[in-house]
Amino acid sequence: AQSVTQLGSHVSVSEGALVLLRCNYSSSVPPYLFWYVQYPNQGLQLLLKYTSAATLVKGINGFEAEFKKSETSFHLTKPSAHMSDAAEYFCAVFNNRKLIWGLGTSLAVNP
Amino acid sequence: DTGVSQDPRHKITKRGQNVTFRCDPISEHNRLYWYRQTLGQGPEFLTYFQNEAQLEKSRLLSDRFSAERPKGSFSTLEIQRTEQGDSAMYLCASSLEGRVEQYFGPGTRLTVT
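Chains as they are written, first to last, in the numbering used here: chain A, 154 to 264; chain B, 2 to 114.
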């Protein structure tokens, strides 16, 4: 069965610092992987997706993620955090027509 | 593209009452999904439609839950005899056939008192 593990339920960075949110997956087949962002009391917004094309995927709001098959990872990064990046971030893997989700990482950005 | 919409955004109900939520997908999307999200958790899959056909239901979906998509456009999710454990955010998503990315609505937050 496919699954997703997000390391670190809470991450805190200073404004302007590097953001690194970790995601590891398990899959018996080449996966489709996603990062979504959720602001308080809102739905989920697609940040970026990996669908077996380029291993470095660029998304919205300056985020990017790198697919590393050898490490079964799909970590999300942003070079410089903004206050507006504070939100919950979810990694997900596509499995049999539905998404399987990690538990999420709450990102706090300190001034 | 008007996005996925859900109605209502918030619902407070007393235990034992029935509630119904509506989801309108992106107009050309033929696939529609319902997920449930509790505090501090990722979403959990509930059910999936392709056009009007309900193709999969999670074991999480007890007999008190029913979902429909009668004309292959909007969908409704009904919960009968609500329980406090039903309190959650109910999320709807849609996608195009052949595409894997799903687009989510704002969710309906249900509080059962």
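Every residue, glycine too, gets a C-beta built ideally from N, C-alpha and C. Computed from a predicted structure; not experimentally measured.
To the nearest angstrom, how far is the alpha carbon of residue i from that of residue j?
i, j, result
"Gly193 (chain A)", "Glu45 (chain B)", "In the sequence as displayed, the identity of residue 193 (chain A) is Pro instead of Gly. Each residue's Cα considered, the two are about 18 Å apart."
"Gln55 (chain B)", "Arg82 (chain B)", "22 Å"
"Pro184 (chain A)", "Gln18 (chain B)", "41 Å"
"Leu173 (chain A)", "Val246 (chain A)", "19 Å"
"Pro232 (chain A)", "Leu197 (chain A)", "22 Å"
"Thr77 (chain B)", "His235 (chain A)", "38 Å"
"Leu92 (chain B)", "Phe216 (chain A)", "24 Å"
"Ala207 (chain A)", "Met90 (chain B)", "34 Å"
"Phe105 (chain B)", "Gln159 (chain A)", "21 Å"
"Phe187 (chain A)", "Leu199 (chain A)", "7 Å"
In three-state DSSP terms, what is residue i?
i, result
"Asp8 (chain B)", "strand"
"Gln18 (chain B)", "coil"
"Glu102 (chain B)", "coil"
"Ser223 (chain A)", "helix"
"Asp116 (chain B)", "Residue 116 (chain B) lies beyond the residue range present for chain B, which begins at 2 and ends at 114; the question has no answer from this structure."
"Ile253 (chain A)", "strand"
"Ile213 (chain A)", "helix"
"Ser205 (chain A)", "coil"
I want to verify the contact list: residues of chain A whose CB lies under 8 Å from the CB of residue i, in sequence order.
i, result
"Tyr104 (chain B)", "Leu199"
"Gln85 (chain B)", "Those do not exist, as Gln85 (chain B) stays about 20 Å from chain A at its closest Cβ, beyond 8 Å."
Per DSSP, what are the beta-bridge partners of residue i in this structure?
i, result
"Leu197 (chain A)", "A:Gln191"
"Arg82 (chain B)", "Answer is none; Arg82 (chain B) lacks a bridge partner."
"Tyr242 (chain A)", "A:Val190, A:Thr258"
"Tyr121 (chain B)", "Given that chain B is displayed from residue 2 to residue 114, the structure contains no residue 121 (chain B) and the question cannot be resolved."
Residue i versus chain A: which residues are under 9 Å apart at the beta carbon?
i, result
"Val113 (chain B)", "Residues of chain A passing the Cβ test: none, with the nearest at roughly 18 Å."
"Leu92 (chain B)", "Gly196, Leu197"
"Arg110 (chain B)", "Asn194"
Taking residue i as the query, report the chain B residues whose CB atoms sit under 8 Å from its CB, ordered along the chain.
i, result
"Thr204 (chain A)", "Val101"
Check the Cβ of residue i against every Cβ in chain B and list those closer than 7 Å, keeping chain order.
i, result
"Gln155 (chain A)", "Those do not exist, as Gln155 (chain A) stays about 12 Å from chain B at its closest Cβ, beyond 7 Å."
"Trp254 (chain A)", "Gly43, Pro44"
"Tyr185 (chain A)", "Val101"
Measuring only between beta-carbons, confirm whether residue i sits less than 7 Å from chain D.
i, result
"Phe75 (chain B)", "Looking at the structure shown, chain D is missing, and the protein chains on hand are A and B."
Between the region 196 to 216 of chain A and the region 224 to 240 of chain A, are three or more C-beta pairs nearer than 8 Å? yes
Touching by the beta-carbon criterion (3+ pairs, under 8 Å), the region 79 to 94 of chain B and the region 60 to 67 of chain B: yes
Between the region 38 to 53 of chain B and the region 9 to 24 of chain B, are three or more C-beta pairs nearer than 8 Å? no
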